[in-house]
Amino acid sequence: MTPAGRQKLAEERLRKLVAYARQNSPYYSNLYKGLPEKWELSDLPPVNKPDLMASFDQWLTDRSVSEEETALFIGDKSNMGKCMNGRYLVFTTSGSTGFPLTVLYDKTCMNISSALSVIRSYARKEDLAAFIMNGKRTASVFAEGFYLGSGSIAYQLRRMPWKKGLMKNLDVRMPITDMVEQLNRFLPVMLGGYPSGLELLAEEQEAGRLHIAPTVIMTGGELLRDDVREKLTKAFGGFVQTNYSCTEGGIMCHECVNRHLHLNEEWIMIEAVDEENRPVPDGTMSAKILLTNLANKVQPFIRYEVTDRIVMHHETCGCGCQAPWLEIEGRRDDILQFEEGVRIQPLAVYAQLKEVPGLKRFQLVQKERNLLELRILAGDPRTVYQKAERILQDFFMTNGVRVAIIAGEELPQIHPKSGKFKHVVGLK
Ligand SMILES: [Zn+2]
């Protein structure tokens, strides 16, 4: 389809979704009461997680499903990969930024998501061919649970049990030695997971304990930094790529060979906006996005606020894909805010510490407004810590902030539930 054709299709889907939501969701019916007859997207009031969560039952378009029933369903681990009432897959967000949100997908929503994945996730066509030729074994390293990553795999395996030899998820929290052993036996053609988890596996591969040769390494869930991409490429030899996804929107963007995240524009609408939800122009950093998922009818996300900062682009990309593309900034890491009113971007902290020789991994946790705990992983922790601390002190001083930095007693920690990793953890 032409770009204009895809946009027209998205527009039609939006009208249908809004009509459906008004008819079947008391929340949206009430929210859209005063809407003019000929409305534009910008006339629809944005929605946010706290408001929607507070009226969960009213939000859903199926009156036979309740928050209570959903909570009971995901409280039972044996329901992993099953459909609630035979109709809905239930996912939860990681809750690393506040309370976890429960998200229902009906089978159509799931099918759309799978189809987009099959058709668009490979940046290079030859990798898809090689994946099929080499036996299609897919291993991923996600947190086990009702999360989009591992939950989708559990669903596929329940529907197609014969795929057990071809597809497996390893819980990111399992001991690394067990993970290495299982991967050495399974020999995946495709390896998926969060960049932070795969980074640890790259170290195992470099050390000669892990020996796999995946054709493609598909990362997601966190920002893939350039240095991690290089590290994974060097260790595994396969093509490393990423996507832009969240539970509320599914896989919203796929990455192309030019490392641009192209929007699945006929199923997902993304508006780059400032703090007050006003549009920001192409090429400038947004404060957040408004997300509209045109594929989810049971739990509509229409102009839903997500606190990812992005830069939207409509200029042509050399890869041949005509869909708009975007760049994301420092996902998952927090901005540090100090008593002096100064705000420090996580990427700036990262840029400072990556210069410290011998520092393998770090995590900076804000304990109080101007008290930071630095956790490090290093061969010679005492020396490395001293260097890192001095660099940080200088950096904060230059930025007009006086902080106390204390040495963390523990190593950098992943989020206990989601298994995701943050380098910079701000005060809640
Ligand atoms: Zn492109």
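Going by our numbering, the first residue of the sequence shown is number -11, and it counts up by one from there. We put the beta carbon where it would ideally sit given N, CA and C, even for glycine. Just so you know, these numbers come straight off a predicted model, no measurement behind them.
Provide the residue span of the beta strand (DSSP E) that contains residue 73, from first to last. Boundaries for residue 73: no beta strand (DSSP E) harbours it, and the DSSP string shows neither H nor E there.
- Message: Just checking residue 307 against ligand 1 - is the residue's beta carbon closer than 7 Å to any of the ligand's heavy atoms?
- Response: Correct: residue 307 has its Cβ closer than 7 Å to ligand 1.
Task: Spatial neighbours of residue 66 in its chain, beta-carbon cut-off 7 Å, leaving aside the 5 residues before and after - done: Exclusion of the five residues before and after residue 66 leaves no residue of its chain whose Cβ lies closer than 7 Å to its Cβ.
Is it the case that the Cβ atoms of residue 239 and residue 101 are separated by a distance below 8 Å?
Result yes, Cβ atoms of residue 239 and residue 101 sit closer than 8 Å.
Open item on the list: Could you tell me the alpha carbon to alpha carbon distance between residue 376 and residue 9, rounded to whole angstroms?
Closed with: Across the structure, residue 376 and residue 9 are spaced so that their CA atoms are roughly 52 Å apart.
*Note down the Cα distance separating residue 150 from residue 322, rounded to an integer number of angstroms.*
The straight-line gap from Cα to Cα measures roughly 42 Å.
TODO: Indicate, with yes or no, if ligand 1 has a heavy atom lying under 7 Å from the CB of residue 244.
DONE: Residue 244 has its CB nearer than 7 Å to a heavy atom of ligand 1.
Q) Is the stretch 168 to 188 in contact with the stretch 113 to 133, if contact means three or more CB pairs nearer than 8 Å? A) Because the criterion of three Cβ pairs below 8 Å is met, the stretch 168 to 188 and the stretch 113 to 133 touch.
query = Hey, is the stretch 12 to 30 in contact with the stretch 299 to 316, meaning 3+ C-beta pairs nearer than 8 Å?
reply = Contact fails: fewer than three Cβ-Cβ distances are below 8 Å.
Can you name, in chain order, every residue of its own chain whose Cβ lies under 8 Å from the Cβ of residue -11, other than the five neighbours on each side?
Hits under 8 Å: -3 and 254.
Check: Could you give the uninterrupted runs of the alpha helix (DSSP H) lying entirely in the stretch 286 to 345, keeping only those of 4 residues or more?
Finding: Listed in chain order, the alpha helix (DSSP H) runs fully inside the stretch 286 to 345 are 334 to 341, counting runs of at least 4 residues.
Quick one, which of 365, 383, 380 and 143 has its alpha-carbon nearest residue 396's?
-> The shortest CA-to-CA distance from residue 396 to any of 365, 383, 380 and 143 is the one to 365.
Q: Quick one: using the 10 Å Cβ neighbour count with 16 as the cut-off for buried, is residue 401 buried or exposed?
A: With fewer than 16 other Cβ atoms within 10 Å, it is exposed.
### Query
Just to check, is the beta-carbon of residue 302 closer than 7 Å to a non-hydrogen atom of ligand 1?
No, the beta carbon of residue 302 sits no closer than 7 Å to any heavy atom of ligand 1.
Check: Per DSSP, residue 238 forms a beta bridge with which residues?
Finding: In the DSSP assignment, residue 238 forms a beta bridge with 234.
So, at 8 Å on beta carbons, what are the nonlocal neighbours of residue 61 in its own chain, with the 5 sequence-adjacent residues on each side left out?
Cβ neighbours of residue 61 beyond the five flanking positions: 67, 72 and 78.
For residue 207, count the other beta carbons within 10 Å of its own beta carbon; 16 or more makes it buried, fewer makes it exposed. Which is it? Buried: at least 16 other Cβ atoms inside 10 Å.
Please classify residue 363 as buried or exposed, where buried requires at least 16 neighbouring CB atoms within 10 angstroms.
Sixteen is the threshold: when 16 or more other Cβ atoms of the shown chains lie within 10 Å of the Cβ of residue 363, as they do, the residue is buried.
So does residue 403 have its beta carbon nearer than 7 Å to some heavy atom of ligand 1? Answer for residue 403: no, Cβ out of range of ligand 1.
* To do: Express the C-alpha separation of residue 48 and residue 11 in angstroms, rounding to a whole number.
  => Computed Cα separation, rounded: 11 Å.
Open item on the list: Is residue 248 close to ligand 2? I mean its beta-carbon at under 7 Å from any heavy atom of the ligand.
Closed with: Absent from the structure shown: ligand 2. Ligands present: ligand 1.
What do you reckon, are the CB atoms on residue 54 and residue 45 nearer than 8 Å?
Yes, Cβ-Cβ distance for residue 54 and residue 45 is below 8 Å.
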